[in-house]
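*Asks:* One line per chain: the protein sequences are A and B, in this order.
Residue numbering for the first sequence follows the numbering used here, starting at -10 and increasing by one per position.
Residue numbering for the second sequence follows the numbering used here, starting at -14 and increasing by one per position.
Heads up, the beta-carbon is just placed ideally off N, CA and C, and yes, glycines get one too.
Computed from a prediction, not measured in an experiment: that's the story for all the values here.
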Amino acid sequence: ETGVTQTPRHLVMGMTNKKSLKCEQHLGHNAMYWYKQSAKKPLELMFVYNFKEQTENNSVPSRFSPECPNSSHLFLHLHTLQPEDSALYLCASSQDRFGGLKTGELFFGEGSRLTVL
Amino acid sequence: QKEVEQNSGPLSVPEGAIASLNCTYSDRGSQSFFWYRQYSGKSPELIMFIYSNGDKEDGRFTAQLNKASQYVSLLIRDSQPSDSATYLCAFMDSNYQLIWGAGTKLIIKP
């Protein structure tokens, strides 16, 4: 496997369910990110991990809980979500947390399409 | 509030013509600017970055940066149907965060 892979690709859940999104990168990168993408809105950065340590949490509600057991894996645990949380959740990685990274290149997975009923 | 403004489109361009995508940004301290392409149902991928005033060319793509006007554009020459996608503009702020636009949907008509 190469690049950044996300599972599941599609997820439908009720407001009382608990589910998790998984991301795995095979690029040897040290930084991983969760983004939320809603129609006609800019990408919203949710969480950043650098060398397994969470470095940023952009005021994300506690119903979203990230976990980064190692530099290659990232999870997003979901519980008691709201219908407005329905969106495409994108995982990304970069060589490091942008510091000194001129190109600012992020490598994205293909996303998990979440629908909350 | 740091922002990136893009026309959401869709921008319709005939095949073979030049497609011009524009973006304005609010942060005068921005140093690095990026264009990502996102095909429908796929992930964004970086196609160009620029951090000096002027033009940067890569194949059929040219990025243009005007820091005084806080304006960055992407030109696609000899547009092909395979260029049909949403193009996301972003800049890196002083905290090394990427600030994104909402994207412009480009349609190349055969």
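What is the rounded straight-line gap between the Cα of B/ARG22 and the Cα of A/THR(-4)?
*Replies:* Locating residue 22 of chain B in the second sequence gives position 37, counting from the first residue. Locating residue -4 of chain A in the first sequence gives position 7, counting from the first residue. So the two alpha carbons sit approximately 22 Å from each other.
*Asks:* Against chain A, does B/GLY86 count as a neighbour if the rule is that its beta carbon must be under 8 Å from one of theirs?
*Replies:* The count along the second sequence starts at 1 and reaches residue 86 of chain B at position 101. Chain A, which has a Cβ nearer than 8 Å to the Cβ of B/GLY86, makes this yes.
*Asks:* Mind pulling the chain A residues with CB within less than 9 Å of B/SER(-7)?
*Replies:* Your numbering for residue -7 of chain B matches position 8 in the second sequence. The contacting residues are LYS29.
*Asks:* Compare the Cα-Cα distances from B/PRO95 to each of B/MET77, B/GLY14, B/SER64 and B/SER79 and report the closest residue.
*Replies:* Position 110 of the second sequence, counted from the start, is the residue given in the question as residue 95 of chain B. Per the Cα distances, B/SER64.
*Asks:* Using 7 Å as the cut-off, classify the Cβ of A/PRO72 as near or not near the heavy atoms of the ligand ADP, replying yes or no.
*Replies:* For the structure depicted, the ligand ADP is absent and the ligand set is empty, with no information on it obtainable.
*Asks:* Would you list the one or two residues that DSSP bridges to B/ASP12?
*Replies:* Residue numbering aside, residue 12 of chain B sits at position 27 when the second sequence is read from its first letter. Note: B/ASP12 sits in no beta bridge, so no partner.
*Asks:* Can you pull the DSSP bridge partners for A/THR(-6)?
*Replies:* Within the first sequence, residue -6 of chain A is the residue found at index 5, counting from 1. Beta-bridge pairing links A/THR(-6) to A/GLU13.
*Asks:* Determine the direct distance from the alpha carbon of B/GLY26 to that of A/PHE36, and round the result to whole angstroms.
*Replies:* Here residue 36 of chain A refers to the residue found at position 47 when the first sequence is read from its first residue. Here residue 26 of chain B refers to the residue found at position 41 when the second sequence is read from its first residue. Approximately 22 Å between the Cα atoms of the pair.
*Asks:* Does A/GLU73 come out as helix, strand or coil in the three-state DSSP assignment?
*Replies:* In the first sequence, residue 73 of chain A corresponds to position 84, counting from 1. Reduced to three states, the DSSP call for A/GLU73 is helix.
*Asks:* Using a Cβ-Cβ distance cut-off of 8 Å, determine whether A/LEU79 contacts chain B.
*Replies:* As a first step, residue 79 of chain A must be located in the first sequence, where it is residue number 90. Cβ-Cβ to chain B under 8 Å: yes for A/LEU79.
*Asks:* Rounded to whole angstroms, what is the Cα-Cα separation between A/LEU95 and A/CYS80?
*Replies:* Counting from one through the first sequence, the residue named residue 95 of chain A turns up at place 106. Counting from one through the first sequence, the residue named residue 80 of chain A turns up at place 91. Approximately 10 Å, taken between the alpha carbons.
*Asks:* Alpha carbon to alpha carbon, how far is A/LYS8 from B/GLU43? Give it in angstroms, no decimals.
*Replies:* Here residue 43 of chain B corresponds to residue number 58 of the second sequence, with the count starting at 1. Here residue 8 of chain A corresponds to residue number 19 of the first sequence, with the count starting at 1. Residue identity check: residue 43 of chain B is Asp in the sequence provided, not Glu. So the alpha carbons of these two residues sit roughly 43 Å apart.
*Asks:* Of the residues B/THR89, B/ILE92, B/SER15 and B/TRP85, which one's Cα is nearest the Cα of A/PRO31?
*Replies:* As a position in the first sequence, residue 31 of chain A is number 42, starting the count at 1. Comparing Cα-Cα distances from A/PRO31 to each of B/THR89, B/ILE92, B/SER15 and B/TRP85, the minimum goes to B/TRP85.
*Asks:* Helix, strand or coil: which one does DSSP assign to B/ASP68?
*Replies:* As a working note, residue 68 of chain B is residue 83 in the second sequence. In this structure, B/ASP68 counts as helix in the three-state DSSP scheme.
*Asks:* Name the DSSP bridge partner or partners of B/ASN7?
*Replies:* Within the second sequence, residue 7 of chain B is the residue found at index 22, counting from 1. For B/ASN7, which the question treats as bridged, DSSP gives the partners B/SER58.
*Asks:* How big is the Cα-Cα spacing for B/ASN51 and B/GLY39?
*Replies:* Locating residue 51 of chain B in the second sequence gives position 66, counting from the first residue. Locating residue 39 of chain B in the second sequence gives position 54, counting from the first residue. Between B/ASN51 and B/GLY39, the C-alpha separation is close to 7 Å.
*Asks:* What number of angstroms, rounded off, separates the C-alpha of A/GLY88 from the C-alpha of B/LEU83?
*Replies:* Position 99 of the first sequence holds residue 88 of chain A. Position 98 of the second sequence holds residue 83 of chain B. Because A/GLY88 sits at a pLDDT of 48, beneath the cut-off of 50, its placement in the model cannot be relied upon, and the point is left open.
*Asks:* Near A/HIS(-1), which residues of its chain fall below 6 Å by C-beta distance, leaving aside the five closest residues on each side in sequence?
*Replies:* Taking the first sequence and counting its residues from 1, the one referred to as residue -1 of chain A is at position 10. Contacts found: ARG102.
*Asks:* One question on the structure: do B/ILE32 and B/ASP68 come within less than 8 Å of each other, judged by their Cβ atoms?
*Replies:* Residue mapping note: residue 32 of chain B aligns to position 47 of the second sequence, counting from 1. Residue mapping note: residue 68 of chain B aligns to position 83 of the second sequence, counting from 1. It is not a contact, given that the beta carbons lie outside the stated cut-off.
*Asks:* Is A/VAL37 helix, strand or coil when you go by DSSP?
*Replies:* Translated into positions along the first sequence, residue 37 of chain A becomes position 48. If DSSP states are grouped into helix, strand and coil, A/VAL37 belongs with the strands.
*Asks:* Hey, B/GLY(-6) and B/LEU91 are a contact pair by Cβ (cut 8 Å); roughly how many whole angstroms apart?
*Replies:* Stepping through the second sequence from its first residue, residue -6 of chain B is reached at position 9. Stepping through the second sequence from its first residue, residue 91 of chain B is reached at position 106. Contact holds; Cβ gap of about 7 Å.
*Asks:* Quick check: is the beta carbon of B/LEU(-4) nearer than 8 Å to any beta carbon in chain A?
*Replies:* If you number the second sequence from 1, residue -4 of chain B lands on position 11. Not one chain A Cβ lies under 8 Å of B/LEU(-4).
*Asks:* At a Cβ cut of 7 Å, what residues of the stretch -7 to 15 of chain A count as close to chain B, listed as they run along the chain?
*Replies:* If the cut-off is 7 Å between Cβ atoms, the stretch -7 to 15 of chain A has nothing near chain B.
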